[in-house]
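Okay, so here's the structure we're looking at.
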Amino acid sequence: MATMPADRSPDSTLALLRAGYRFIGERCERYRSDVFKTRILLAPTICLRGRPAAELFYDNDRFQRATAMPLRVQRTLTGRGGVQGLDGPEHSDRKAMFMSIMTPAAIQRLGQLFDDEWRTRVAAWEGAGPVSLYDELGRMLTRVVCAWAGVPLPASQVERRAVELHAMIEAPAVLGPRHWRGRLARYRAERWLADLIERTRVGFAPAPAGSALAVIAEHRDVRGNLLPRRIAAVELLNVLRPVVAVDQYMTFAALALHDHPTWRDRVRDDDEATEHFVQEVRRYYPFFPIAAARVRRTFDWQGHHFPRGRRVLLDLYGTNHHPALWPQPELFRPERFAGRRVDPFELIPQGGGDHWAGHRCAGEWITIDLMKRAVTNLVTTMRYDVPVQNLALDLHRMPALPPLGLTLTNVRRAG
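Numbering (the numbering used here), first residue to last: -13 to 401.
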């Protein structure tokens, strides 16, 4: 039996929060191993990275999600009782509910709503002074996803809901006021949507047929029961929040176009080049850092012992930067995707494995489609300047974004 490298610290929770996206990767390099053990929140934890590790991690016979996610993450980002923490038939049933919402026609409709919103906002940005792209995209996506999901959202509430959704996304990996703002935001959002679910069920707030609101409000679980209103609210937030979180990737795409201007012409009229560009943005830039699971039953893998109940963390960011998978991973090179068929365990910014049977994000196709539309809009529908500003990404901070959200000036419509 091989000896698993061990982090020498008695507990690495604060080190994880300080190191951010590079916590696991730095230690893997130090120990020259893609697996090591440590303690997180005082609990023994195994950390993994790489393609073989991803394939292992998404083996549902060996791992389960129940109780794996720390409570601070559930109380901010994911919610308690949502699909991310389910296993077995309950997970399959809940995942099928989400996948029924993600049809090609529905994704196309969401994309069209986004394009329409983009054109409207570009007109508003003209002559309006500096624009914080990240903040604007957050409001745009909040309006768009609520309209698409069938969730009524008066114009007067757009800013509030966008701020709440951002607060949830930014809260899990921080301490202090930002974390508690995220908890409060989730509490308020769940109350808002639980009330909407109830009014939809009794006919006071009819939902468009096939919309996320209608599907979730009407869904019956494996026992034939409607989801409790709070759980239904959590799952509706699991539609709204991830779409709004795509504003991070869109901001990174704009940053990549600024840093690599030759790609502006390459993606202008070439869908394949745009696909490669978007996939490299998803690989290169930081999104969700890690995924958590627990060992379902004791097993050995590559000479290492995995005892039942042990928490395991998979390094999503580190796998997307693993040199064995991605030569020169520190370089932004969209052409690396030309002619390459990426399997489900290589590119895993939103999880790995199968969308239907596993825990890969149900909204990944939406993410890619919206990113491609954002890139196209950035190079075809508008012109803008990027003034001198701090564009450095702090990988110790989760999420990692330019400090001012990428400020644009002199925005004008193209043509």
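C-beta: ideal position from N, C-alpha, C; glycine also.
For R327, which residues from the same chain have a beta carbon less than 8 angstroms from its beta carbon, with the 5 sequence-adjacent residues on both sides left out? A distance below 8 angstroms between beta-carbons, with the five flanking residues on each side excluded, links R327 to no residue of its chain.
Label F43 either buried or exposed according to how many other C-beta atoms from any shown protein chain fall within 10 Å of its C-beta, with 16 as the threshold for buried. Label assigned to F43: buried.
By DSSP, does I26 sit in helix, in strand, or in coil? Of the three classes helix, strand and coil, the one that applies to I26 here is strand, per DSSP.
Mind listing, in chain order, the continuous alpha helix (DSSP H) runs of no fewer than 4 residues lying wholly within the segment 274 to 344? Note on the segment 274 to 344: whole alpha helix (DSSP H) runs with a minimum of 4 residues are 302 to 305, in chain order.
Span of the alpha helix (DSSP H) around M154: Its alpha helix (DSSP H) spans residues V144 to E156.
Taking the Cβ atom as the reference point for each residue, do V397 and E145 lie within a distance shorter than 8 angstroms? Not in contact: V397 and E145 (Cβ atoms no closer than 8 angstroms).
8 angstroms Cβ cutoff met for K23 and I32: Result yes, Cβ atoms of K23 and I32 sit closer than 8 angstroms.
Going by DSSP in three states, Y370 sits in which element: helix, strand or coil? Strand at Y370.
What is the rounded straight-line gap between the Cα of E316 and the Cα of M236? Here the alpha carbons of M236 and E316 stand approximately 20 angstroms from one another.
Beta-carbon separation (whole angstroms), V220 vs G65, contact threshold 8 angstroms: That pair is a contact at about 4 angstroms.
Only counting runs of 3 or more residues, tell me where the beta strand (DSSP E) segments fall wholly within the segment 69 to 98, in order along the chain. Listed in chain order, nothing qualifies, since the segment 69 to 98 has no complete beta strand (DSSP E) run of 3 or more residues.
Quick one: Cα of A39 to Cα of G304, how far? Put simply, the backbone Cα of A39 is about 11 angstroms away from that of G304.
What residue from A231, G67 and E41 has the CA that sits closest to T53's CA? If we check each option's Cα against that of T53, G67 comes out closest.
Tell me the rounded alpha-carbon separation between V404 and L179. One cannot answer for residue 404 here, as it falls past the ends of the chain, which runs -13 to 401.
Along the chain, where does the alpha helix (DSSP H) that runs through V131 open and close? Residues L119 to A135.
DSSP has T395 in a bridge; who is on the other side? Bridge partners of T395: D371.
T62 by DSSP, collapsed to three states: which one? When DSSP states are grouped into helix, strand and coil, T62 belongs to the helix group.
Which same chain residues end up closer than 7 angstroms to R206 when comparing Cβ atoms and leaving out the 5 residues on each side of it in sequence? For R206, where only same-chain residues beyond five positions count, the Cβ hits under 7 angstroms are L212.
Nearest CA to the CA of S(-2): which residue from P30, Y17 and P(-9)? Here the closest residue by C-alpha is P30.
What do you reckon, are the CB atoms on R346 and E266 nearer than 8 angstroms? The Cβ atoms of R346 and E266 do not sit closer than 8 angstroms to each other.
Given a cut-off of 8 angstroms, decide if R37 and E332 are closer than it, judged by their beta-carbon atoms. By the CB criterion at 8 angstroms, E332 and R37 fall inside the cutoff.
Please report the distance separating the alpha-carbon of I352 from that of G97. When rounded, the distance between both Cα atoms is 8 angstroms.
Please tell me whether H152 and G115 are closer than 8 angstroms, where the distance is taken between their beta carbons. Between H152 and G115, the CB-CB gap reaches or exceeds 8 angstroms.
Determine the extent of the alpha helix (DSSP H) in which E112 is found, giving its start and end residues. Where E112 is concerned, there is no enclosing alpha helix (DSSP H), because DSSP gives it neither an H nor an E.
When we look at the beta-carbon of P335 and count the other beta-carbons within 10 Å, is it buried (16 or more) or exposed? That one is buried.
I'd like the span of the alpha helix (DSSP H) that includes F238, first residue to last. Element bounds for F238: R215 to D245.
Buried or exposed: where does P272 fall if 16 or more other Cβ atoms within 10 Å of its Cβ makes it buried? Result: buried.
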